[in-house]
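Peer 1:
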Amino acid sequence: MRRSTLTAVAVVASSLVVGGWLLQEGVSRSDNSYLRVRVLQEVIDRVESSFVDEVEYDRLHESAIDGLLRDLGDPHSSLIPASSYENIEIRTRGEYGGIGLEVVDRNGWVTVVSPIPNTPGARAGIRAGDQFFEIEGVPADTMVTDQAVEMLRGRPGTEVSVKVLRPGVDEPIPFTIEREEIQLRAVPFGLMLEQGIGYVPLQTFQVGSEGEIPTVLDSLRESEGARSLILDLRGNPGGLLDVGIAVSDLFLDMDLSIVETRGRASGQNETYSAKEPDTYPGFPIVVLVDRASASASEIVAGALQDHDRAAIIGQQTFGKGSVQTLYRLTGGDVLRLTTARWYTPVGRSIHRVSQRQVETEGQSLGISGELVTPADMSARPEFSSMGGRMLYGGGGITPDLVVPPETFPPKRPRRLVGYFVKLVLST
3 MRRSTLTAVA VVASSLVVGG WLLQEGVSRS DNSYLRVRVL QEVIDRVESS FVDEVEYDRL
63 HESAIDGLLR DLGDPHSSLI PASSYENIEI RTRGEYGGIG LEVVDRNGWV TVVSPIPNTP
123 GARAGIRAGD QFFEIEGVPA DTMVTDQAVE MLRGRPGTEV SVKVLRPGVD EPIPFTIERE
183 EIQLRAVPFG LMLEQGIGYV PLQTFQVGSE GEIPTVLDSL RESEGARSLI LDLRGNPGGL
243 LDVGIAVSDL FLDMDLSIVE TRGRASGQNE TYSAKEPDTY PGFPIVVLVD RASASASEIV
303 AGALQDHDRA AIIGQQTFGK GSVQTLYRLT GGDVLRLTTA RWYTPVGRSI HRVSQRQVET
363 EGQSLGISGE LVTPADMSAR PEFSSMGGRM LYGGGGITPD LVVPPETFPP KRPRRLVGYF
423 VKLVLST
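Using my numbering, the letters of the sequence shown correspond one by one to residues 3 to 429.
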């Protein structure tokens, strides 16, 4: 009896010791995290107060956060200032008050890529390639693109004064332009090509994009007899995941898988499938892609290719196959963090690890009007489509027919007919 009691006491004592060690370990880890944060703050405080040159306190915090995110090696994870996040929300809604220009930073100048047709900027005479010299009297060479965009936007009916530099013109050209509500159309137009082929360009995946395609395509079918489709995703950088899924759903039968997301957290692991029957059964489809087709564009191209629903023509796509989750932070800034990656229905990863790969593979895929063959893809993992066709992984979407962009420039869609007939109508 005494031995049993002693054994029980020993077990309890042992449990207390082990439990105490575990408890202490948990506290230690918590303390360690706290200490690291405290040390970081002490370093920032010391640099701010004692560094030989004056430094901005807020900038030190921003640099520390930027360094942390940069160390992840992921270009899509970043801290978004509250003001910039508002611009992102505007773009996804597809409407804003402004003058209707697409701009980028080119060699340190905010440069017009293209004025959107029938918008104040286009009507005023702003041209592609114009560089902003001043916006509201502020020199534009001191601005980043987001700052310029913020100044160009405003309430409809208000005016903005700008000066632009134009090649061949010695002096900056002044413009005073009245802002309007700008509604970006995902599908700017539709065309009928020869042999009953409808041509529909999709420029972005914003709220409502999935409804614009049937509007245009149904019109081509009913009024001009379209019996097949060229869906142009070239230059489309993507957008909303839900919209990419909805666009794929237009052309796939109910319950067919569209895309799978895989992440470390259980809530990031999802398979998305078509919820409606194919809206255009029997319609032969070609999807056009290039190196600028990314994100939701790759979801659509990958899903239709995996299910043998469409042939893909163009260039290897960008390879942006990751999911970013937005976390609102104290003060209004937003943390954009990659939390999952996308996979096509047959399991191909859309995500390309290195963008240097794009340049290398782009050279090997520069065959004009040739079908991709296993010899071209010897270093890439192989997959089979649902119908048994050979497909290739390794990031991005590999087209069935590789055609350089100069072969069919965006403004010459009729050049596509021969490729469509070769790849689709003749099979």
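We treat Cβ as the ideally placed atom computed from N, Cα and C, and that holds for glycine.
Note down the Cα distance separating glycine 127 from valine 105, rounded to an integer number of angstroms.
Peer 2: If you number the sequence shown from 1, residue 127 lands on position 125. If you number the sequence shown from 1, residue 105 lands on position 103. Their backbone Cα atoms lie some 15 Å apart in a straight line.
Peer 1: How many Å lie between glutamate 185 and glutamine 307 at the Cα?
Peer 2: Translated into the one-based positions of the sequence shown, residue 185 becomes position 183. Translated into the one-based positions of the sequence shown, residue 307 becomes position 305. In the sequence on display, residue 185 carries glutamine and not glutamate. Going from the Cα of glutamine 185 to the Cα of glutamine 307 covers about 31 Å.
Peer 1: Please determine if the region 331-347 and the region 259-270 are in contact, where contact requires at least 3 C-beta pairs separated by less than 8 Å.
Peer 2: yes
Peer 1: How about valine 189 and leucine 235: do their beta carbons lie closer than 8 Å?
Peer 2: Along the sequence shown, read from residue 1 onward, the residue named residue 189 stands at position 187. Along the sequence shown, read from residue 1 onward, the residue named residue 235 stands at position 233. Going by C-beta atoms, valine 189 is not nearer than 8 Å to leucine 235.
Peer 1: Report buried or exposed for asparagine 120, applying the criterion of at least 16 other Cβ atoms within 10 angstroms of its Cβ.
Peer 2: Here residue 120 refers to the residue found at position 118 when the sequence shown is read from its first residue. Classification of asparagine 120: exposed, given that the 10 Å Cβ count is below 16.
Peer 1: Can at least three beta-carbon pairs, one atom from the region 273-290 and one from the region 238-258, be found at a separation below 8 Å?
Peer 2: As far as the Cβ criterion goes, the region 273-290 touches the region 238-258, which means the pair count is three or higher.
Peer 1: Where are the alpha helix (DSSP H) runs, 4 residues long or more, that stay fully inside the region 213-251, in chain order?
Peer 2: 243-251
Peer 1: Express the C-alpha separation of threonine 178 and arginine 74 in angstroms, rounding to a whole number.
Peer 2: Sequence index remark: in the sequence shown, residue 74 carries index 72 (1-based). Sequence index remark: in the sequence shown, residue 178 carries index 176 (1-based). Sequence check: residue 74 is leucine here, not arginine. Our two residues, leucine 74 and threonine 178, have alpha carbons roughly 44 Å apart in a direct line.
Peer 1: Run the CB neighbour count on tyrosine 394, radius 10 Å, all protein chains shown included, and call it buried at 16 or more, exposed below.
Peer 2: As a position in the sequence shown, residue 394 is number 392, starting the count at 1. Buried is the call here.
Peer 1: Considering just the uninterrupted stretch of the alpha helix (DSSP H) at proline 158, what are its terminal residues?
Peer 2: Mapped onto the sequence shown, residue 158 falls at position 156. Per DSSP, proline 158 belongs to no alpha helix (DSSP H) and is neither H nor E.
Peer 1: Can you tell me the Cα-Cα spacing of asparagine 100 and glutamate 58, whole angstroms?
Peer 2: What you label residue 100 is simply residue 98 of the sequence shown in a count that begins at 1. What you label residue 58 is simply residue 56 of the sequence shown in a count that begins at 1. Here residue 100 is glycine; the residue named in the question, asparagine, does not match the sequence. Straight-line Cα distance between these residues: approximately 33 Å.
Peer 1: Cβ of aspartate 148 within 8 Å of Cβ of serine 86?
Peer 2: Looking up residue 148 in the sequence shown gives position 146. Looking up residue 86 in the sequence shown gives position 84. Cβ distance < 8 Å, so aspartate 148 and serine 86 count as in contact.
Peer 1: Check tyrosine 59 in the structure and name its three-state DSSP category.
Peer 2: As a first step, residue 59 must be located in the sequence shown, where it is residue number 57. Note: tyrosine 59 maps to helix in three-state DSSP.
Peer 1: Using DSSP bridges, identify the partner residues of threonine 340.
Peer 2: Here residue 340 refers to the residue found at position 338 when the sequence shown is read from its first residue. Per DSSP, Gln326.
Peer 1: Measuring only the C-alpha atoms, how far is serine 295 from alanine 381?
Peer 2: Locating residue 295 in the sequence shown gives position 293, where the first residue counts as 1. Locating residue 381 in the sequence shown gives position 379, where the first residue counts as 1. Approximately 22 Å between the Cα atoms of the pair.
Peer 1: Quick check on DSSP: helix, strand or coil for aspartate 310?
Peer 2: In the sequence shown, the residue the question calls residue 310 occupies position 308. In this structure, aspartate 310 counts as coil in the three-state DSSP scheme.
Peer 1: Would you report the Cα separation of valine 288 and leucine 233, rounded to the nearest angstrom?
Peer 2: Working through the sequence shown from its first residue, we reach residue 288 at position 286. Working through the sequence shown from its first residue, we reach residue 233 at position 231. Near 6 Å, if we compare the C-alpha coordinates of leucine 233 and valine 288.
Peer 1: With a CB to CB cut of under 6 Å and the five nearest residues on each side skipped, what residues in its chain are close to glycine 123?
Peer 2: The count along the sequence shown starts at 1 and reaches residue 123 at position 121. The answer, listed in chain order, is Ile101, Gly102, Leu103 and Pro117.
Peer 1: Could you tell me the boundaries of the alpha helix (DSSP H) in which proline 122 lies?
Peer 2: The residue given as residue 122 occupies position 120 in the sequence shown. Where proline 122 is concerned, the enclosing alpha helix (DSSP H) stretches over 122-126.
Peer 1: Classify glutamine 205: buried if its beta carbon has 16 or more other beta carbons within 10 angstroms, exposed otherwise.
Peer 2: Along the sequence shown, read from residue 1 onward, the residue named residue 205 stands at position 203. With 16 or more other Cβ atoms within 10 Å, it is buried.
Peer 1: For proline 83, I'd like the list of residues in its chain whose CB is within less than 7 Å of its CB, leaving aside the five on either flank, ordered along the chain.
Peer 2: If you number the sequence shown from 1, residue 83 lands on position 81. Asp335.
Peer 1: Which two residues bound the contiguous beta strand (DSSP E) that contains tyrosine 394?
Peer 2: Start at 1 with the first residue of the sequence shown, and residue 394 comes out as number 392. Element bounds for tyrosine 394: 392-394.
Peer 1: Across the region 192-207 and the region 163-183, are there enough close Cβ pairs to call them in contact, namely three or more that are closer than 8 Å?
Peer 2: no
Peer 1: Who are the Cβ neighbours of threonine 346 in its own chain at under 6 Å, not counting the five residues just before and after it?
Peer 2: Position 344 of the sequence shown, counted from the first residue, corresponds to residue 346. Gly304 and Asp308, listed in sequence order.
Peer 1: Rounded to whole angstroms, what is the Cα-Cα separation between glutamate 403 and leucine 193?
Peer 2: Within the sequence shown, residue 403 is the residue found at index 401, counting from 1. Within the sequence shown, residue 193 is the residue found at index 191, counting from 1. One detail in the question is off: residue 403 reads as leucine in this sequence, not glutamate. Cα-Cα distance, rounded: 22 Å.
Peer 1: How many angstroms separate the CA atom of valine 29 from the CA atom of leucine 37?
Peer 2: Counted from its first residue, the sequence shown places residue 29 at position 27. Counted from its first residue, the sequence shown places residue 37 at position 35. Per-residue confidence for valine 29 stands at a pLDDT of 46, beneath the threshold of 50, marking its modelled position as unreliable; no derived number is given.
Peer 1: Under 8 Å Cβ to Cβ from valine 249, same chain only, skipping five residues before and after it: list those, please.
Peer 2: In the sequence shown, the residue the question calls residue 249 occupies position 247. So the qualifying residues of the chain are Leu204, Phe207, Ser211, Glu212, Ile215, Ala298 and Val302.
Peer 1: Throw me the rounded Cβ distance for the glutamate 300 and threonine 319 pair, which I believe falls under 8 Å.
Peer 2: Here residue 300 corresponds to residue number 298 of the sequence shown, with the count starting at 1. Here residue 319 corresponds to residue number 317 of the sequence shown, with the count starting at 1. Contact holds; Cβ gap of about 5 Å.
Peer 1: How many Å lie between isoleucine 175 and proline 77 at the Cα?
Peer 2: Against the sequence shown, residue 175 aligns to sequence position 173. Against the sequence shown, residue 77 aligns to sequence position 75. Whole-angstrom Cα-Cα distance: 37 Å.
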